[in-house]
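A.B. asks: Line by line, the protein sequences are chains A and B. Residue 185 in my numbering is what sits at position 185 of the first sequence, and the numbering runs on without skipping anything. Residue 13 in my numbering is what sits at position 13 of the second sequence, and the numbering runs on without skipping anything.
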Amino acid sequence: MSLPRIVITGVGLTSPNGNSLAEYRGNLLAGVARISRTEIRYMGPLLAGVCTFDPLRYQKKKELRVGTRAGSIGIYCAREALADAGLTAEHLVKDRTGVFVGITEHGNVETENEIYAISKFGYDTKFWSHYHNPRTVANNPAGEISLSLGTTGPAYTIGAACAAGNMGLIHATQLLRLGEVDFAVCGGVSESIHTFGIYAGFKSQNALAHHEDPNRASRPFDKGRNGIVISEGGALYTLERLDDALRRGAKIYAEIAGYCVNSDASDYVLPNPTRQAECVRTALQRAAMSPADVHIVSTHATATPMGDIQECEAIRAVFGEGCPETWVNNTKSFIGHAMGAAGALELAGNLPSFSDLVVHPTINVDDLDPQCALPGLVLNQPRKVARVDTILNNSFGMLGINSTLIVRRYVG
Amino acid sequence: MTQDEVKKIVLDIIADIAPDEDLSQLKPDVRLRDQMQLDSMDFLDIVMELRKRHGIEVPEADYLKLATLDSCGEYLAPKFAALAAKG
Chain A
1 MSLPRIVITG VGLTSPNGNS LAEYRGNLLA GVARISRTEI RYMGPLLAGV CTFDPLRYQK
61 KKELRVGTRA GSIGIYCARE ALADAGLTAE HLVKDRTGVF VGITEHGNVE TENEIYAISK
121 FGYDTKFWSH YHNPRTVANN PAGEISLSLG TTGPAYTIGA ACAAGNMGLI HATQLLRLGE
181 VDFAVCGGVS ESIHTFGIYA GFKSQNALAH HEDPNRASRP FDKGRNGIVI SEGGALYTLE
241 RLDDALRRGA KIYAEIAGYC VNSDASDYVL PNPTRQAECV RTALQRAAMS PADVHIVSTH
301 ATATPMGDIQ ECEAIRAVFG EGCPETWVNN TKSFIGHAMG AAGALELAGN LPSFSDLVVH
361 PTINVDDLDP QCALPGLVLN QPRKVARVDT ILNNSFGMLG INSTLIVRRY VG
Chain B
1 MTQDEVKKIV LDIIADIAPD EDLSQLKPDV RLRDQMQLDS MDFLDIVMEL RKRHGIEVPE
61 ADYLKLATLD SCGEYLAPKF AALAAKG
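The following block contains the structure:
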């Protein structure tokens, strides 16, 4: 059975080091990380990747008051993606447009805020906000986007821990192929820096990064890595069937070549390299590619001591030594771990490589951990390469969910 | 507290919950929802903010008494007075 070809035609994003693809990519090539120290309720100043986009560009003040940060990030990214695709909300066929947003978690921020608010009133629940439920339903970020765009097709989130960013694109691809929608806004968002719970959880797990210099704290593959820097952010894409994109003369960033989602079924938090390798291999098989066909492997590595080693073991098992044109990088060293947005942002940071043939590095590697010494690792400086026709993007999450997405240069 | 002072309190709350609205032309004798974007959730905001900021309770059966600024003044002034008397 021949499935419709699906292409990426627009990108909208906000990351700690950029509020557009051009700014973000510029900083990835220039080695500019942007992590700050921010006050976390009950815990004091901690490291975070904070986004600086102007939410009032696309929202009214009242919408900001009623909605959530994840909703705001989603609306900004969706509107930017549409603009990048040469469209506005008015162009969309409302009931044929889907919104699919990957999230690691949602509702923690808003619930913590309400508990804090009623603590000022002796924990009397009559002071609990009537907005609590619309703010905390799991579909909130996607729902806020549909309200903003006026789209009436399916709009929902996909909860997939830190594998979620890829999942938005994968799910959109599936529904476009099924003919359930004709146009999709998809990717991932995260507001996680606004919940103390995720900080406290990682801290208790001894998995929260610390460093005197915030911009040196997130250091995947370095021997001195000591955990995760939590970030907010979002990246949403417009996806279309190739025929539709060509018909309207759309700019095409890349074509979806293959994907896989699987589960470890082995541990709550510890990744499983065997299942990760299976995920990558299955995605390659579906893309009808061999490992050597991949030119960039965008790793998930979060800079936890064990997680990085596990992923490197998986990548080594698949790519080994026989892939001289395969380069490996990581984006979290610049922006921290943007949770549900991570996979989507990390793909976006690599997409321009199709046109500039430069692989952005992973930074902050002063002393490479021998267990992470993969062939083709691009360290600290960008690398000009001969070919970039294929990017493989890994995103893995707790409870053992793995997602691999492969995109290729569009060739007509 | 006079009815005018109470109306000012309500207006301050409305300014916070409807920050995009120009409230300078609000007519005190016309229903609020006929003059501005004010849905039922916004209305609950007024009730909540009266509770949070001033300790004033408005039972659901009395919501209609908050329809206009004038009616807010009439209905709420005695409640503020009772609260002040309690000290």
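Using N, Cα and C, we set each Cβ at its ideal position, and we do this for glycine too.
1) Please identify the residue among A/T136, A/H211, A/A155, A/Q276 whose C-alpha is closest to the C-alpha of A/I145.
2) Of all the options A/G336, A/R387, A/R408, which has the alpha carbon lying nearest to the alpha carbon of A/L46?
3) Excluding the five sequence neighbours on either side, which residues of its own chain have a C-beta within less than 8 angstroms of the C-beta of A/A89, listed in chain order?
4) Return the Cβ separation of A/L246 and A/I228 in integer angstroms, given the expectation that the two are a contact with Cβ distance under 8 angstroms.
5) Considering only residues of the segment 241-328 of chain A, which uninterrupted alpha helix (DSSP H) runs meet the minimum length of 4 residues and lie entirely inside it, listed in chain order?
6) Looking at chain B, which residues of the segment 49-79 of chain A have a Cβ within less than 8 angstroms of any of its Cβ atoms?
7) Determine contact between the segment 272-283 of chain A and the segment 194-201 of chain A, defined as no fewer than three beta-carbon pairs at a distance below 8 angstroms.
8) Output, in chain order, the set of chain A residues within a Cβ distance shorter than 8 angstroms of B/M48.
9) Starting from the C-beta of A/D267, find all residues in its chain whose C-beta is less than 7 angstroms away, skip the five residues before and the five after it, and write them out in chain order.
10) Quick one: what does DSSP say A/D222 is sitting in, helix, strand or coil?
11) Report the option in A/E114, A/Y237, A/I193 whose CA atom is closest to the CA atom of A/H171.
12) With H, G and I counted as helix, E and B as strand and the rest as coil, what does DSSP make of A/F334?
13) Rounded to whole angstroms, how far is the Cβ of B/V30 from the Cβ of B/A77, which I believe are closer than 8 angstroms?
14) For the segment 8-22 of chain B, list every residue whose C-beta sits within 9 angstroms of some C-beta in chain A, in sequence order.
15) In chain order, what residues of the same chain have a beta carbon less than 7 angstroms from the beta carbon of A/P55, not counting five sequence neighbours either side?
16) Between which two residues does the beta strand (DSSP E) holding A/S192 run?
17) Give the interface partners of B/K52 over in chain A, defined as CB-CB distance under 9 angstroms, in chain order.
18) Would you report the Cα separation of A/V99 and A/A85, rounded to the nearest angstrom?
19) Taking the beta carbon of A/N140 as the centre, do at least 16 other beta carbons fall within 10 Å, making it buried, or is it exposed?
20) When you compare the segment 291-303 of chain A with the segment 376-388 of chain A, are there three or more beta-carbon pairs, one atom per stretch, that lie closer than 8 angstroms?
21) Tell me which residue opens and which closes the beta strand (DSSP E) that A/L3 is part of.
22) For the beta strand (DSSP E) that B/I9 lies in, which residues bound it at each end?
23) Measuring alpha carbon to alpha carbon, tell me which residue in B/P28, B/E49, B/H54 is nearest B/A84.
24) Restricting to Cα atoms, I'd like to know which of B/D70, B/G87, B/K79 is closest to B/P28.
C.D. replies: Per the coordinate set shown:
1) It is A/A155 whose Cα lies nearest to the Cα of A/I145.
2) A/G336
3) Only residues of its own chain outside the window of five on either side were considered, and among them R79, L82, S148, L149, G150, T151 have a CB closer than 8 angstroms to the CB of A/A89, listed in chain order.
4) The beta-carbon distance between A/L246 and A/I228, rounded to whole angstroms, is 41 angstroms. This is too long to meet the 8 angstroms contact definition.
5) Within the segment 241-328 of chain A, the runs of alpha helix (DSSP H) at least 4 residues long that lie entirely inside it are, in chain order, 242-247, 273-286, 305-319.
6) Shown in chain order are the members of the segment 49-79 of chain A whose Cβ falls below 8 angstroms from a Cβ of chain B: K60, K61, K62, R65, V66.
7) no
8) Chain order gives the chain A residues near B/M48 as F127, S129, H130, where near means a beta carbon separation below 8 angstroms.
9) G400
10) DSSP, reduced to helix, strand and coil, places A/D222 within a strand of the structure shown.
11) Among A/E114, A/Y237, A/I193, the Cα nearest to that of A/H171 is on A/Y237.
12) helix
13) Wrong, their Cβ atoms sit about 20 angstroms apart, outside the cutoff.
14) D16, I17, A18, P19, D20, E21
15) L64, S72, Y76
16) No beta strand (DSSP E) contains A/S192, which DSSP labels as neither H nor E.
17) A117, K120, F121, F127
18) 15 angstroms
19) buried
20) yes
21) Careful: A/L3 lies outside any beta strand (DSSP E) and carries neither H nor E.
22) Unbroken run through B/I9 is the alpha helix (DSSP H), 3-17; no beta strand (DSSP E).
23) Comparing C-alpha distances from B/A84 to each of B/P28, B/E49, B/H54 shows the shortest one belongs to B/H54.
24) Closest option to B/P28, Cα to Cα, is B/D70.
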